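A.B. asks:
There are 2 protein chains.
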Amino acid sequence: MKYTEAKEELIQAWGNLGYSWGLNKTMAQIHALLMISTKPLSTEEIMQELAISRGNANMNIRALLDWGIVSRVSIPGERKEYFKSEKDTWSLARQVARERRKRELEPILKILREVSEVSNDGTDETKEFRKVVKDLKNFAEKSDNLLETFIKAEESWFWNSIIKLLK
Amino acid sequence: MKYTEAKEELIQAWGNLGYSWGLNKTMAQIHALLMISTKPLSTEEIMQELAISRGNANMNIRALLDWGIVSRVSIPGERKEYFKSEKDTWSLARQVARERRKRELEPILKILREVSEVSNDGTDETKEFRKVVKDLKNFAEKSDNLLETFIKAEESWFWNSIIKLLK
DNA sequence: AACATGTTTCAATAAAACCTGAAAGTTTCG
DNA sequence: CGAAACTTTCAGGTTTTATTGAAACATGTT
């Protein structure tokens with residue numbers, strides 16, 4: 003397989019995967035581009051490679067900075083801004099986990115805590131509701147702890163434990 | 003907090019969460035409804051509760067059946083079909099993990115395996131590309147194994163191991 | 001067969017998400 | 001200051017995705 007073809011395909015696939023991780027397609031594609039680039043890229047270069055507009059490039063780069071998985075790089079003597087991606091897959095995953103925890107798990111936990119205060123009026127509906135919410139809360143809290151551990155863990159420690167688990 | 007209010011809020015929140023799990027909003031809301039219902043519901047009842055059309059209800063119920071997290075129930079003497087959700091949070095999570103693995107992780111693994119065959123022409127670009135792909139592949143494979151274990155695991159065994167991990 | 005009861009499909013429509021490009025804004029430097 | 005170099009914003013246009021509702025389809029029942 004040729005390089006340009008492989009590159010094309012990876013960017014495409016990354017676009018889809020990123021999408022299911024809560025990024026959007028373009029965001030994920032910019033990220034893929036930066037992942038495989040040997041050097042930081044400017045907005046200009048990104049626009050060109052992906053054939054997207056300046057506004058689009060700008061907005062999605064900002065979103066990536068927001069997620070904390072891309073950073074600005076200044077090159078001495080140049081006024082343009084350049085961008086590079088965190089390349090270590092492990093830190094990348096940790097960062098994504100951190101964001102998703104903040105954006106998704108925490109809000110639902112908040113709601114679950116709120117609605118678990120529903121007044122018990124003795125009807126079956128309420129009883130069932132309380133039961134379901136309790137279970138969900140329990141699960142969500144366990145997941146939250148697990149995620150937190152993941153986020154804080156060292157790579158080697160984590161995988162070693164997991165490998166033990168898998169055996 | 004009153005029941006109807008709590009119910010409303012939970013359905014709303016579940017809609018959002020479900021969305022970030024790869025379901026769509028309505029699908030997730032139907033699911034929430036079935037989770038807290040004390041009895042199986044008919045299409046009619048679902049339409050009413052969520053104020054959605056028949057077509058919409060039908061399509062999303064089908065999608066939930068497809069994901070394997072909702073099942074049909076027939077009530078003797080009734081012609082209508084009723085639906086109920088798997089209520090055990092743990093099996094639910096397992097089922098979602100199973101589907102997402104199939105729908106997301108496997109496709110990207112396939113691509114990663116393909117593009118890792120990129121011919122090494124000695125340029126820096128190719129070198130970097132091969133390195134990145136190798137790392138990603140490694141990570142994706144580890145995740146795949148972990149997911150598989152999760153999917154196959156017994157609840158108690160899994161959480162016990164995790165609790166040990168967390169300590 | 002005609003009817004009643006329920007389910008599925010799908011073309012049209014509506015809503016949401018996304019992208020563009022030009023204009024406005026900012027920073028740097030002579 | 002004023003111009004050049006670069007970045008950000010945002011109204012309007014495009015694409016994608018979700019929803020409706022009515023017609024077609026099934027499956028009994030009389």
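If you're matching them up, the sequences are chains A and B in order.
Taking our numbering, the leading residue of the first sequence gets 3, the next gets one more, and so forth.
Taking our numbering, the leading residue of the second sequence gets 3, the next gets one more, and so forth.
Note that the Cβ used here is the ideal one computed from N, Cα and C, for glycine as well.
What you are looking at is a predicted structure, and each value in this text was computed from that prediction instead of being measured.
Helix, strand or coil: how does DSSP classify valine 75 of chain B here?
C.D. replies: Start at 1 with the first residue of the second sequence, and residue 75 of chain B comes out as number 73. Strand.
A.B. asks: Is the region 88-95 of chain B close to the region 64-73 of chain B, with three or more CB pairs under 8 Å?
C.D. replies: Yes: at least three Cβ pairs fall under 8 Å.
A.B. asks: Is there at least one Cβ from chain A nearer than 8 Å to glutamate 83 of chain B's Cβ?
C.D. replies: Along the second sequence, read from residue 1 onward, the residue named residue 83 of chain B stands at position 81. Not one chain A Cβ lies under 8 Å of glutamate 83 of chain B.
A.B. asks: With 16 other CB atoms within 10 Å as the buried threshold, where does lysine 4 of chain A fall?
C.D. replies: Taking the first sequence and counting its residues from 1, the one referred to as residue 4 of chain A is at position 2. By the 10 Å Cβ count, lysine 4 of chain A comes out exposed.
A.B. asks: Decide if threonine 28 of chain B is buried, meaning its Cβ has at least 16 other Cβ atoms within 10 Å, or exposed.
C.D. replies: Within the second sequence, numbered from 1, the residue matching residue 28 of chain B stands at position 26. With 16 or more other Cβ atoms within 10 Å, it is buried.
A.B. asks: Is the Cβ-Cβ distance between alanine 15 of chain A and isoleucine 110 of chain B less than 8 Å?
C.D. replies: Locating residue 15 of chain A in the first sequence gives position 13, counting from the first residue. Locating residue 110 of chain B in the second sequence gives position 108, counting from the first residue. Contact flag set, yes.
A.B. asks: Which residues mark the beginning and the end of the beta strand (DSSP E) in which glutamate 83 of chain B is found?
C.D. replies: What you label residue 83 of chain B is simply residue 81 of the second sequence in a count that begins at 1. 83-87 is the span of the beta strand (DSSP E), which, as asked, contains glutamate 83 of chain B.
A.B. asks: For a quick check, are the C-beta atoms of leucine 19 of chain B and alanine 30 of chain B less than 8 Å apart?
C.D. replies: Position 17 of the second sequence, counted from the first residue, corresponds to residue 19 of chain B. Position 28 of the second sequence, counted from the first residue, corresponds to residue 30 of chain B. Yes, the Cβ-Cβ distance between leucine 19 of chain B and alanine 30 of chain B is below 8 Å.
A.B. asks: List, in order along the chain, the chain A residues whose C-beta lies closer than 9 Å to that of glycine 24 of chain B?
C.D. replies: Looking up residue 24 of chain B in the second sequence gives position 22. Those are Ser22, listed as they occur along chain A.
A.B. asks: Nearest-angstrom Cα distance between serine 44 of chain A and isoleucine 63 of chain A?
C.D. replies: One-based indexing of the first sequence puts residue 44 of chain A at position 42. One-based indexing of the first sequence puts residue 63 of chain A at position 61. Approximately 10 Å between the Cα atoms of the pair.
A.B. asks: Across which residues does DSSP place serine 44 of chain B in a beta bridge pair?
C.D. replies: Numbered from its first residue, the second sequence carries residue 44 of chain B at position 42. DSSP, once it has assigned bridges, lists B/Tyr84 as partnering serine 44 of chain B.
A.B. asks: What's the call for serine 39 of chain A, buried or exposed, on a 16-neighbour Cβ count within 10 Å?
C.D. replies: Translated into positions along the first sequence, residue 39 of chain A becomes position 37. Result: buried.
A.B. asks: So what's serine 93 of chain B in DSSP terms, helix, strand or just coil?
C.D. replies: In the second sequence, counting from the first residue as 1, residue 93 of chain B sits at position 91. Of the three classes helix, strand and coil, the one that applies to serine 93 of chain B here is helix, per DSSP.
A.B. asks: Taking 8 Å as the threshold (beta carbon to beta carbon), is alanine 99 of chain A in contact with chain B?
C.D. replies: Within the first sequence, the letter at position 97 stands for residue 99 of chain A. Output row for alanine 99 of chain A: interface = no.
A.B. asks: Which of the three DSSP states is assigned to aspartate 123 of chain A in this structure?
C.D. replies: Counting from one through the first sequence, the residue named residue 123 of chain A turns up at place 121. Aspartate 123 of chain A: coil per DSSP, three-state reduction.
A.B. asks: Would lysine 9 of chain B count as contacting chain A if we go by Cβ distances under 8 Å?
C.D. replies: As a working note, residue 9 of chain B is residue 7 in the second sequence. Closer than 8 Å: yes.
A.B. asks: Report the residue from A/Leu35, A/Pro42, A/Leu67, A/Lys41 whose alpha carbon sits nearest the alpha carbon of alanine 53 of chain A.
C.D. replies: Working through the first sequence from its first residue, we reach residue 53 of chain A at position 51. Minimum Cα distance to alanine 53 of chain A is reached at A/Leu35.
A.B. asks: Helix, strand or coil, according to DSSP, for methionine 49 of chain B in the structure here?
C.D. replies: On the second sequence, residue 49 of chain B is found 47 positions in, with the first residue counted as 1. Helix at methionine 49 of chain B.
A.B. asks: Identify each residue in the region 29-57 of chain A for which the Cβ-Cβ distance to at least one residue of chain B is less than 8 Å, and report them in chain order.
C.D. replies: Listed by position, the residues of the region 29-57 of chain A near chain B (Cβ gap below 8 Å) are Met37, Ile38, Ser39, Thr40.
A.B. asks: Nearest to arginine 96 of chain A by alpha carbon, out of A/Glu80, A/Glu116, A/Glu47, A/Thr151?
C.D. replies: By one-based count along the first sequence, residue 96 of chain A stands at place 94. Per the Cα distances, A/Thr151.
A.B. asks: Under a Cβ-count criterion, where at least 16 other Cβ atoms within 10 Å of its own Cβ denotes burial, should glycine 17 of chain A be classed as buried or exposed?
C.D. replies: Residue mapping note: residue 17 of chain A aligns to position 15 of the first sequence, counting from 1. Glycine 17 of chain A is buried by the Cβ-count criterion.
A.B. asks: Under the three-state reduction of DSSP, which class applies to glycine 20 of chain B: helix, strand or coil?
C.D. replies: Residue numbering aside, residue 20 of chain B sits at position 18 when the second sequence is read from its first letter. Looking at glycine 20 of chain B - three-state DSSP - the assignment turns out to be helix.
A.B. asks: Can you tell me which of the three DSSP states isoleucine 54 of chain B falls into?
C.D. replies: As a position in the second sequence, residue 54 of chain B is number 52, starting the count at 1. Coil.
A.B. asks: Would you mind sorting leucine 168 of chain B into buried or exposed? The rule is 16 or more other CB atoms within 10 Å of its CB.
C.D. replies: Against the second sequence, residue 168 of chain B aligns to sequence position 166. Label assigned to leucine 168 of chain B: exposed.
A.B. asks: Would DSSP call serine 39 of chain A helix, strand or coil?
C.D. replies: Mapped onto the first sequence, residue 39 of chain A falls at position 37. Serine 39 of chain A falls in the coil class under three-state DSSP.
A.B. asks: What does the alpha-carbon distance come out to for the pair glutamate 106 of chain B and glutamate 119 of chain B?
C.D. replies: Within the second sequence, numbered from 1, the residue matching residue 106 of chain B stands at position 104. Within the second sequence, numbered from 1, the residue matching residue 119 of chain B stands at position 117. Cα to Cα, the separation comes out at about 21 Å.
A.B. asks: What do you reckon, are the CB atoms on leucine 114 of chain A and valine 135 of chain B nearer than 8 Å?
C.D. replies: Here residue 114 of chain A refers to the residue found at position 112 of the first sequence. Here residue 135 of chain B refers to the residue found at position 133 of the second sequence. In this structure, valine 135 of chain B does not lie closer than 8 Å to leucine 114 of chain A by Cβ.
A.B. asks: From the beta carbon of isoleucine 164 of chain B, is the nearest beta carbon of chain A less than 8 Å away?
C.D. replies: The residue you call residue 164 of chain B lines up with position 162 of the second sequence. Output row for isoleucine 164 of chain B: interface = yes.
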